[in-house]
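In this note's numbering, the protein residues as written are -18 to 258.
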């Protein structure tokens, strides 16, 4: 019990340090857009490291605390909310959910033996989830405020992509380099041992996750496009019947099949590499 308590205390201290580092890095903005959104200097990397080192539970907790800090930093955005529901939507989709999901980045840590592949794929995946959150907020709450009320979904998709794509690339590149140089799974972070990198496993694992993420994004666009009221630009869930469910079904099926197939390839390759070693 004492050992577990001491271990948890050390993890909590490490989480606090990483959250503080993430908060500081979020102030270093490479690009800041006029209506919200920015490209930061690797601000989500510390949360990715926590999630990979100690698991999704600690990652989500750290991501949640980080989301509250982000909300406090830019609380002035709530003044643009036109109703209580709008304010709640901003808090949830632009902050709490959008930044908490970063804590899911380490979900492949025990499934993919290549640390760089696992961490980079997780980073790209959580950035895609964060992008979806901002798009939902943009085409609902911000329609008619900072973005046009007509074609709000398309505008939100484009606007949020202008900073989320470079944000994803920058953070994924940093994660790839760090996880190639350092061993984050050891009790104390150390220099990574030179191991033969398995290109097949890396590519297969990445395609597996990314194919599912692409399917989710396409499905989200298809569904939310049909829910958008053409007059007001806001979401109207009574229009759900307008959704092209055939397209959604086909895209989902393809995404799931590709995900499963390449996950199996990555797993088989990983097991083969372990037997050889």
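Cβ coordinates follow ideal geometry from the N, Cα and C atoms, glycine included.
Nearest-angstrom Cα separation, counted from residue j out to residue i
| i | j | result |
| --- | --- | --- |
| residue 185 | residue 244 | 7 Å |
| residue 128 | residue 136 | Only weak support exists for where residue 128 lies, its pLDDT of 49 falling under 50; the coordinates are left without a value. |
| residue 121 | residue 236 | 27 Å |
| residue 297 | residue 88 | Only positions -18 to 258 of the chain appear in the structure, and residue 297 is not among them; the question remains open. |
| residue 97 | residue 58 | 36 Å |
| residue 113 | residue 238 | 22 Å |
| residue 204 | residue 228 | 10 Å |
| residue 86 | residue 28 | 8 Å |
| residue 44 | residue 207 | 31 Å |
| residue 38 | residue 0 | 15 Å |
| residue 19 | residue 191 | 23 Å |
| residue 93 | residue 247 | 7 Å |
| residue 169 | residue -2 | 15 Å |
| residue 226 | residue -9 | 49 Å |
| residue 178 | residue 251 | With a pLDDT of 49 at residue 178, under the threshold of 50, the modelled position of this residue cannot be trusted; read the value that follows with caution. Near 11 Å, if we compare the C-alpha coordinates of residue 251 and residue 178. |
| residue 224 | residue 50 | 37 Å |
| residue 268 | residue 65 | Residue numbering for the chain in the displayed model covers -18 to 258; residue 268 lies beyond these limits and cannot be assessed. |
| residue 21 | residue 55 | 15 Å |
| residue -7 | residue -13 | 10 Å |
| residue 108 | residue 194 | 10 Å |
| residue 155 | residue 46 | 22 Å |
| residue 142 | residue 34 | 29 Å |
| residue 7 | residue 234 | 37 Å |
| residue 75 | residue 5 | 19 Å |
| residue 10 | residue 221 | 39 Å |
| residue 160 | residue 63 | 44 Å |
| residue 260 | residue 134 | Because residue 260 is not part of the residues shown, which for the chain are -18 to 258, the question remains open. |
| residue -5 | residue 162 | 20 Å |
| residue 95 | residue -15 | 28 Å |
Identity of the residue in the options nearest residue i by Cα
| i | options | result |
| --- | --- | --- |
| residue 77 | 171, 2 and 53 | 53 |
| residue 197 | 111, 150 and 143 | 111 |
| residue 119 | 152, 22 and 139 | 139 |
| residue 83 | 92, 100, 200 and 250 | 100 |
| residue 164 | 230, 30 and 182 | 30 |
| residue 144 | -12, 116 and 134 | 116 |
| residue 150 | 41, 221, 16 and 24 | 24 |
| residue 249 | 189, 182 and 233 | 182 |
| residue 152 | 166, 167, 193 and 105 | 105 |
| residue 73 | 48, 95, 60 and -15 | 48 |
| residue 187 | 157, 171, 26 and -4 | 157 |
| residue 261 | 189, 67, 13 and 90 | Outside the modelled stretch of the chain, which goes from -18 to 258, sits residue 261, for which no answer is possible. |
| residue 79 | 63, 231, 5 and 41 | 41 |
| residue 271 | 147, 26 and 32 | The question about residue 271 has no answer here: the residues shown for the chain are numbered -18 through 258. |
| residue 200 | 17, 222, 220 and 231 | 231 |
| residue 166 | 17, 189 and 32 | 32 |
| residue 26 | 17, 16 and 2 | 2 |
| residue 17 | 172, 71 and 171 | 71 |
Residues that DSSP places opposite residue i in a beta bridge
| i | result |
| --- | --- |
| residue 10 | 21 |
| residue 172 | 163 |
Check: residue i C-beta below 7 Å from any heavy atom of the ligand HEM
| i | result |
| --- | --- |
| residue 46 | Inclusion of the ligand HEM in the displayed structure is not the case, the ligand content being empty and no account of it being possible. |
Start-end ranges of the alpha helix (DSSP H) lying completely within the stretch 39 to 108, minimum 4 residues: You should have 65 to 70 and 78 to 81.
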